[in-house]
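J.: Its first residue numbered 4, the sequence shown is counted upward by one per residue in our numbering.
Note that CB positions come from ideal geometry on N, CA and C, so glycine has one too.
Treat the numbers as computed from the prediction; the structure is a model and nothing was measured.
Would you mind keeping the following structure in view while I ask a few things?
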Amino acid sequence: MSVADTSVRLPAEWRDFLALTKPRVMTLVVFTGMCGLLAAPASVDPVIGFTAILCIALGAGAAGALNQWYEADIDAAMKRTAARPLPAGRMDRQSALHFGVGVAAFSVILMGLAVNAVAAAILAVSILFYVLIYTVWLKRRTPQNIVIGGAAGAFPPLIGWAAATGQVALLPFLLFCTVFLWTPPHFWALALFVETDYANAGVPMLPVVAGERTTRNQIGLYTVPMAVAAIAPWPLGLTGAVYGWSALVLTAVFGVLAAQVAFRHTHANDAMVPEKRLFRFSLLYLALIFAAVVIDRWIA
Numbered sequence: 004m005s006v007a008d009t010s011v012r013l014p015a016e017w018r019d020f021l022a023l024t025k026p027r028v029m030t031l032v033v034f035t036g037m038c039g040l041l042a043a044p045a046s047v048d049p050v051i052g053f054t055a056i057l058c059i060a061l062g063a064g065a066a067g068a069l070n071q072w073y074e075a076d077i078d079a080a081m082k083r084t085a086a087r088p089l090p091a092g093r094m095d096r097q098s099a100l101h102f103g104v105g106v107a108a109f110s111v112i113l114m115g116l117a118v119n120a121v122a123a124a125i126l127a128v129s130i131l132f133y134v135l136i137y138t139v140w141l142k143r144r145t146p147q148n149i150v151i152g153g154a155a156g157a158f159p160p161l162i163g164w165a166a167a168t169g170q171v172a173l174l175p176f177l178l179f180c181t182v183f184l185w186t187p188p189h190f191w192a193l194a195l196f197v198e199t200d201y202a203n204a205g206v207p208m209l210p211v212v213a214g215e216r217t218t219r220n221q222i223g224l225y226t227v228p229m230a231v232a233a234i235a236p237w238p239l240g241l242t243g244a245v246y247g248w249s250a251l252v253l254t255a256v257f258g259v260l261a262a263q264v265a266f267r268h269t270h271a272n273d274a275m276v277p278e279k280r281l282f283r284f285s286l287l288y289l290a291l292i293f294a295a296v297v298i299d300r301w302i303a
């Protein structure tokens, strides 16, 4: 692995450590984990619930920090990540490594001591999967990086559910599958309009190595099983009509946007409006799907 310039021009501030945790990514992770906890058929002490969500946030932040530690060279080569603390020279890589490892260990230990061992074990697996499987093994080696690596971001509903019940069940597993299958069309939509960035950094994202047409086809293909996983809880009797109709409508909109991307032909300097629209809606889609699970549970 080539190493980015590690010379430090300015001392790191608290904002730089916060930036290491990828706050925007962490927000969605925390939200899906919280929804898993709230949708579980168990009454959770508020202090225990808060501790569980805190541990999920810390674990996600630690994984983000370790990702940036390992990928400092990639971040330096990409326009959208060049201002991060490491490539910008505001922090040395050793500080990022120590911060990531320390926070990761603390989050797992706290989850195990304050919540339960099952939730702690799944949290540990999620951190290790993101850092070792996705970041270290897959990211630089295969265009399937985001397909397999997408599992890392799908663990939070399982963790939240396990924090509340001490076990896993079919509903959180289907939520896991929804996030797992949502990840490829979500990230490939992004990759289509930042393809040059990935190419410059030498990251084998699908548009770079297989081309735009293949990427569009794959977005369409992955949307189908994602839709099945998202809607399945209703016919299986795991949720009520509130979730069912919400999932149907939201997934239909997602499907239309994905089809627009999948069947579209573009030219050089194209504005990529449908791709950006799908990427942005995909974030809203996931948030609303998980909110619907909780609302359905509360009014059942």
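So what's Trp237 in DSSP terms, helix, strand or just coil?
T.: By 1-based counting over the sequence shown, the position of residue 237 is 234. Three-state DSSP puts Trp237 in coil, outside helix and strand.
J.: Over what stretch of residues does the alpha helix (DSSP H) that includes Ala124 continue unbroken?
T.: Taking the sequence shown and counting its residues from 1, the one referred to as residue 124 is at position 121. 120-131 is the extent of the alpha helix (DSSP H) around Ala124.
J.: Looking at chain D, is there any beta carbon in it that lies within less than 7 Å of the beta carbon of Tyr225?
T.: The structure shown has no chain D; it contains just one protein chain.
J.: Ala232 and Ala43 look like a contact to me (Cβ under 8 Å); what is the Cβ gap, rounded to whole Å?
T.: If you number the sequence shown from 1, residue 232 lands on position 229. If you number the sequence shown from 1, residue 43 lands on position 40. Wrong, their Cβ atoms sit about 19 Å apart, outside the cutoff.
J.: So, is Ala86 buried or exposed, given that buried needs 16 or more other C-beta atoms within 10 angstroms?
T.: Taking the sequence shown and counting its residues from 1, the one referred to as residue 86 is at position 83. Looking at its Cβ environment, which holds fewer than 16 other Cβ atoms inside 10 Å, Ala86 is exposed.
J.: Look at the alpha carbon of Asp299 and the alpha carbon of Tyr246, and state the distance between them as a whole number of angstroms.
T.: Stepping through the sequence shown from its first residue, residue 299 is reached at position 296. Stepping through the sequence shown from its first residue, residue 246 is reached at position 243. Going from the Cα of Asp299 to the Cα of Tyr246 covers about 6 Å.
J.: Just to check my reading of the structure: Pro228 and Pro146 have Cβ atoms closer than 8 Å, yes? What is that Cβ distance to the nearest angstrom?
T.: To locate residue 228, count along the sequence shown from 1; it is residue 225. To locate residue 146, count along the sequence shown from 1; it is residue 143. At roughly 19 Å, the Cβ-Cβ gap does not stay under 8 Å, so Pro228 and Pro146 are not in contact.
J.: In terms of alpha-carbon separation, which member of Cys58, Ala80, Val212, Trp191 lies closest to Ala123?
T.: Start at 1 with the first residue of the sequence shown, and residue 123 comes out as number 120. The residue with the shortest Cα to Cα distance from Ala123 is Cys58.
J.: Around the C-beta of Ala126, are 16 or more other C-beta atoms found within 10 angstroms, so that it is buried, or is it exposed?
T.: Taking the first residue of the sequence shown as position 1, residue 126 is located at position 123. This sequence places Leu at residue 126; Ala is not what is there. It counts as buried.
J.: On a Cα-Cα basis, can you pick out the residue from Leu224, Phe176, His189 that is closest to Leu239?
T.: As a working note, residue 239 is residue 236 in the sequence shown. Comparing Cα positions, the closest option is Phe176.
J.: Quick one: grab the DSSP three-state call for Ala271.
T.: If you number the sequence shown from 1, residue 271 lands on position 268. With a pLDDT of only 48 at Ala271, under the threshold of 50, the placement of this residue in the model should not be trusted, and no figure is reported.
J.: To the nearest angstrom, report how far apart Gln170 and Asn119 are at their CA atoms.
T.: The sequence position of residue 170 within the sequence shown is 167, counting from 1. The sequence position of residue 119 within the sequence shown is 116, counting from 1. Approximately 10 Å between the Cα atoms of the pair.
J.: State the DSSP-derived secondary structure class of Thr9, mapped to helix, strand or coil.
T.: By one-based count along the sequence shown, residue 9 stands at place 6. Here the model assigns Thr9 a pLDDT of 44, short of 50, so the residue's position is not dependable and the matter cannot be decided.
J.: Using the beta-carbon count (16 or more within 10 Å), is Phe284 buried or exposed?
T.: Here residue 284 corresponds to residue number 281 of the sequence shown, with the count starting at 1. Under this definition Phe284 is a buried residue.
J.: Tell me where the alpha helix (DSSP H) around Gln71 begins and ends.
T.: The sequence position of residue 71 within the sequence shown is 68, counting from 1. Run containing Gln71: 49-73, per the alpha helix (DSSP H) assignment.
J.: Quick test of your reading: Ala346 and Ile234, contact by CB under 8 Å. State the CB separation rounded to the nearest angstrom.
T.: No answer is possible for residue 346: the residues shown for the chain start at 4 and end at 303.
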